[in-house]
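Numbering (my numbering), first residue to last: 10 to 354.
Glycine included, C-beta positions come from ideal geometry on N, C-alpha and C.
Structure below.
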């Protein structure tokens, strides 16, 4: 099979021919049809400090995918009778342990033993992927392979956006990358009043407007408090969704929130960031760190929203054959891409 492999330290990936893996007794073998490129994959491509200390080499990378079940492990039919060969699936890329308090109490997304496909174990940028049957998520007919391949990042957006009640609230999203744009779309879909998204990149602001319908703002040119006044907010934003990993964006968010405002943090700033905790304390702000998806509640919610009219297809800006993966990474590095989807058929 074809597979994109991180073989050695340094920039880039290699397209190699590898043996098709055999599924373990509790696994399914998935024929991959579409995959999405992610910021994590870009870190691995670039081989930054995080990648160097996290990713074992060599490794097939990639964790956003959709495909069909090609084979079932020996124990799968009895344990998961709803899964069958030929079924279209996506899947949860976090492989959990079964011994922690969090996992044993059903809070799978908080399991400290979690490993990631395409990060610590062989991933989805290949013709075939081994995956625990527990992690497979069947796709309804309403969700095609292209959307199925971006359910992982959509799940990040849904988990973050639904951290707080958004009905009738004014929401600020900082960072118009693909996940930030999808979070803005989710906020509007579930009933937020005003949704504002900030990003200094004009291409990303234009994409955010087109996909989510949010008010897109250049934070270097407009004051958020003035934007809030223009939209009729008396005190400021109720909820902030921080997707940028920028300390300046977080500072601006804190300044523009109401007393008692709430922030969900998905963006990861590089290194250590100075925080003026007095502003957070005196404004009585609640901050929640968000990691991955709630397994599997987020999957149920996002699939239901997609079936009920949530449309995020416009966030996909590049569709490429798998062999042209380098073009996709180049577009991401240049800030020209939303989601990049690779075709493995």
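Is the separation between the beta-carbon of residue 232 and that of residue 209 shorter than 7 Å?
Taking the chain shown and counting its residues from 1, one reaches residue 232 at position 223. Taking the chain shown and counting its residues from 1, one reaches residue 209 at position 200. If you check the CB distance, residue 232 and residue 209 do not come in under 7 Å.
Assign residue 226 to one of three DSSP states: helix, strand, or coil.
Your numbering for residue 226 matches position 217 in the chain shown. In the structure shown, residue 226 sits in a strand (DSSP, three-state: E or B).
Where does residue 354 sit, in a helix, a strand or coil, going by DSSP?
For the purposes of this step, residue 354 is taken as residue 345 along the chain shown, with counting starting at 1. Under the three-state reduction of DSSP, residue 354 is assigned to coil, being neither helix nor strand.
Just the C-alpha distance for residue 219 and residue 83, rounded to the nearest angstrom, thanks.
Numbered from 1 along the chain shown, position 210 holds the residue referred to as residue 219. Numbered from 1 along the chain shown, position 74 holds the residue referred to as residue 83. Going by the C-alpha atoms only, they are around 47 Å apart.
Let me know if residue 229 comes out buried or exposed under the rule of 16 or more other beta-carbons within 10 Å of its beta-carbon.
Locating residue 229 in the chain shown gives position 220, counting from the first residue. Exposed is the call here.
May I have the straight-line CA-CA distance separating residue 8 from residue 31, to the nearest angstrom?
Residue 8 lies beyond the stretch modelled for the chain, which goes from 10 to 354, so this question has no answer here.
Leaving out the 5 sequence neighbours to the left and right, which residues in its chain are closer than 6 Å to residue 101 when beta-carbon positions are compared?
Mapped onto the chain shown, residue 101 falls at position 92. Here the set comprises 144, 304.
Should residue 272 go down as buried or exposed, given a rule of 16 or more other Cβ atoms within 10 Å for buried?
Stepping through the chain shown from its first residue, residue 272 is reached at position 263. Residue 272 should be labelled buried.
So residue 162 and residue 45 are supposed to be a Cβ contact under 8 Å. How far apart are they, rounded?
On the chain shown, residue 162 is found 153 positions in, with the first residue counted as 1. On the chain shown, residue 45 is found 36 positions in, with the first residue counted as 1. About 7 Å separates the two Cβ atoms, so the contact holds.
Give the DSSP bridge partners of residue 81, in chain order.
Along the chain shown, read from residue 1 onward, the residue named residue 81 stands at position 72. Per DSSP, 37.
For residue 264, which of 289, 252, 274 has the nearest alpha-carbon?
Residue mapping note: residue 264 aligns to position 255 of the chain shown, counting from 1. Comparing Cα-Cα distances from residue 264 to each of 289, 252, 274, the minimum goes to 289.
N- and C-terminal bounds of the alpha helix (DSSP H) containing residue 173
Position 164 of the chain shown, counted from the start, is the residue given in the question as residue 173. No alpha helix (DSSP H) contains residue 173, which DSSP labels as neither H nor E.
Minimum C-alpha distance to residue 108 - residue among 94, 123, 98:
Taking the first residue of the chain shown as position 1, residue 108 is located at position 99. With distances taken between Cα atoms, residue 108 lies closest to 123.
Endpoints, the beta strand (DSSP E) within which residue 298 is located:
Taking the chain shown and counting its residues from 1, one reaches residue 298 at position 289. That run of the beta strand (DSSP E) goes 295-298.
Between which two residues does the alpha helix (DSSP H) carrying residue 246 extend?
Residue 246 sits at position 237 when you count from the first residue of the chain shown. First-last for residue 246: 246-251, but that is the beta strand (DSSP E), not the alpha helix (DSSP H).
Can you list, in chain order, the stretches of the alpha helix (DSSP H) that have 4 or more residues and sit fully within the stretch 148-216?
154-157, 160-170, 187-198
Uninterrupted beta strand (DSSP E) stretches inside the stretch 54-120 (no shorter than 3 residues)
73-81, 97-100
Is it the case that the Cβ atoms of residue 126 and residue 348 are separated by a distance below 7 Å?
For the purposes of this step, residue 126 is taken as the residue at position 117 of the chain shown. For the purposes of this step, residue 348 is taken as the residue at position 339 of the chain shown. In this structure, residue 348 does not lie closer than 7 Å to residue 126 by Cβ.
Hey, could you find the ends of the beta strand (DSSP E) residue 15 is sitting in?
Taking the first residue of the chain shown as 1, we reach residue 15 at position 6. Unbroken beta strand (DSSP E) run through residue 15: 11-15.
Whole-angstrom distance between residue 34 and residue 81, CA atom to CA atom:
Position 72 of the chain shown holds residue 81. Position 25 of the chain shown holds residue 34. Cα atoms of residue 81 and residue 34: separation of roughly 8 Å, rounded to the nearest angstrom.
Simplified DSSP state of residue 242, which is helix, strand or coil:
Translated into the one-based positions of the chain shown, residue 242 becomes position 233. For residue 242, the secondary structure class from DSSP, reduced to helix, strand or coil, is coil.
With C-beta atoms as the reference, is residue 142 less than 7 Å away from residue 85?
Position 133 of the chain shown, counted from the start, is the residue given in the question as residue 142. Position 76 of the chain shown, counted from the start, is the residue given in the question as residue 85. Yes; because the gap between Cβ atoms is below 7 Å, this pair is in contact.
Going by the CB atoms, is the gap between residue 185 and residue 213 shorter than 7 Å?
As a first step, residue 213 must be located in the chain shown, where it is residue number 204. As a first step, residue 185 must be located in the chain shown, where it is residue number 176. Contact: yes.
What is the DSSP secondary structure of residue 139, counted as helix, strand or coil?
Residue 139 sits at position 130 when you count from the first residue of the chain shown. Strand at residue 139.
With which residues is residue 259 paired in a DSSP beta bridge?
As a working mapping, residue 259 is identified with position 250 in the chain shown. The partner list for residue 259 (beta bridge, DSSP) is empty, contrary to what the question assumes.
Does the Cβ of residue 270 have 16 or more other Cβ atoms within 10 Å, making it buried, or fewer, making it exposed?
Within the chain shown, the letter at position 261 stands for residue 270. Answer is buried; the Cβ neighbour count reaches 16.
Do you know offhand how far residue 176's Cα is from residue 169's?
Numbered from 1 along the chain shown, position 167 holds the residue referred to as residue 176. Numbered from 1 along the chain shown, position 160 holds the residue referred to as residue 169. Taking the straight line joining both Cα atoms gives about 15 Å.
Do you know offhand how far residue 78's Cα is from residue 90's?
Here residue 78 refers to the residue found at position 69 when the chain shown is read from its first residue. Here residue 90 refers to the residue found at position 81 when the chain shown is read from its first residue. Taking the straight line from one Cα to the other gives about 13 Å.
Whose C-beta lies closer than 7 Å to the C-beta of residue 11 among residues of the same chain, with five residues either side of it excluded?
In the chain shown, residue 11 corresponds to position 2, counting from 1. Contacts found: 24, 26, 135, 136, 331.
Among the candidates 197, 321, 351, whose CA atom is the shortest distance from the CA of residue 335?
Stepping through the chain shown from its first residue, residue 335 is reached at position 326. Of the listed residues, the one whose Cα sits closest to residue 335 is 351.
In the DSSP output, which residue or residues are listed as bridge partners for residue 348?
Looking up residue 348 in the chain shown gives position 339. Note: residue 348 sits in a beta bridge opposite 325.
Residues that residue 330 bridges to, as DSSP identifies them:
Taking the first residue of the chain shown as 1, we reach residue 330 at position 321. When beta bridges are read from the DSSP output, residue 330 appears opposite 352.
Pull up the distance between the alpha-carbon of residue 299 and that of residue 171, whole angstroms please.
Here residue 299 is taken as the residue at index 290 of the chain shown, counted from 1. Here residue 171 is taken as the residue at index 162 of the chain shown, counted from 1. About 11 Å.
In the DSSP assignment, what are the bridge partners of residue 130?
As a first step, residue 130 must be located in the chain shown, where it is residue number 121. Within the DSSP bridge table, the entry for residue 130 names 126 as partners.
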